[in-house]
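What follows is a single structure, written as structure tokens, with notes after it.
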Amino acid sequence: MAGEQFSDKDRKFIDDALASTNVPYGEPIIIKKFTGIADPGDPARGIQPKLGFSRKPAKAVINSVSQQDVLYSGGLYQLGDISVTLTEKLNIIDTTEQIGGQSEGDRIIYEKHEYRIVGKSHTHSIIGKEVLFGYIFRKVGNA
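Everything in the sequence shown is counted per the numbering used here, starting at 118 for the first residue and increasing by one.
In structure tokens:
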């Protein structure tokens, strides 16, 4: 099938088949989508802004980041980070400087702990359509 083109009818059939087989799998998490800054805070008095998030239950495949991944990440990943694969694309804004967890990127809650995105690990596509998204998360506190 290498090099073959799919017709629109073929693509619709495949999309419908994927949608009907998209059953929840993995471990339960809560996706926290960033919605905006709820309160700007007062930097002069040391009061950080309050960030707004919407919450949505989901399922994800979760694994520990390996020592090899930590070693070859150039300092981006740390022991204790987790690899998360899910069917939803998340908004990544976090940078390595934002260790305290005050960032406008999406987050997850997993096993009563909140995690922020520190990297994107992989994306899986079927016929050019992204269906699975992989991220690396770091714990920022208790939920």
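For every residue, glycine included, the Cβ atom is placed at its ideal position computed from N, Cα and C.
Sequence-distant residues of the same chain with beta carbon closer than 6 Å to residue i, five excluded per side
{"i": "Lys173", "result": "Ile148"}
{"i": "Gly251", "result": "Thr202, Ser238 and His239"}
Residue i, buried or exposed, once every other Cβ within 10 Å from all chains shown has been counted against 16
{"i": "Phe130", "result": "exposed"}
{"i": "Leu188", "result": "exposed"}
{"i": "Ile253", "result": "buried"}
{"i": "Arg224", "result": "buried"}
{"i": "Arg233", "result": "buried"}
{"i": "Ser181", "result": "exposed"}
Cut-off 7 Å between Cβ atoms - residues of its own chain near residue i, not counting five sequence neighbours on either side
{"i": "Asp159", "result": "none"}
{"i": "His241", "result": "Val248 and Leu249"}
{"i": "Asp125", "result": "none"}
Residue span of the beta strand (DSSP E) that contains residue i, given as start and end
{"i": "Val235", "result": "His230 to Ile243"}
{"i": "Arg224", "result": "Arg224 to Tyr227"}
{"i": "Lys206", "result": "Lys206 -> no beta strand (DSSP E), and no H or E assigned at all."}
{"i": "Ala177", "result": "Lys167 to Ser181"}
{"i": "Tyr252", "result": "Lys246 to Asn259"}
First and last residue of the uninterrupted alpha helix (DSSP H) at residue i
{"i": "Tyr189", "result": "Gln184 to Tyr189"}
Cα-Cα separation, residue i to residue j
{"i": "Asp198", "j": "Gln185", "result": "13 Å"}
{"i": "Ile179", "j": "Arg255", "result": "12 Å"}
{"i": "Leu196", "j": "Ser183", "result": "8 Å"}
{"i": "Asp133", "j": "Pro157", "result": "44 Å"}
{"i": "Gln215", "j": "Gln122", "result": "Because Gln215 carries a pLDDT of 46, less than 50, the predicted location of this residue cannot be relied on, and the following value inherits that uncertainty. If you take the alpha carbons of Gln215 and Gln122, they lie about 45 Å apart."}
{"i": "Pro166", "j": "Gly245", "result": "39 Å"}
{"i": "Asp127", "j": "Glu205", "result": "24 Å"}
Nearest-angstrom beta carbon gap, residue j and residue i [assumed within contact, 8 Å]
{"i": "Leu193", "j": "Gly236", "result": "6 Å"}
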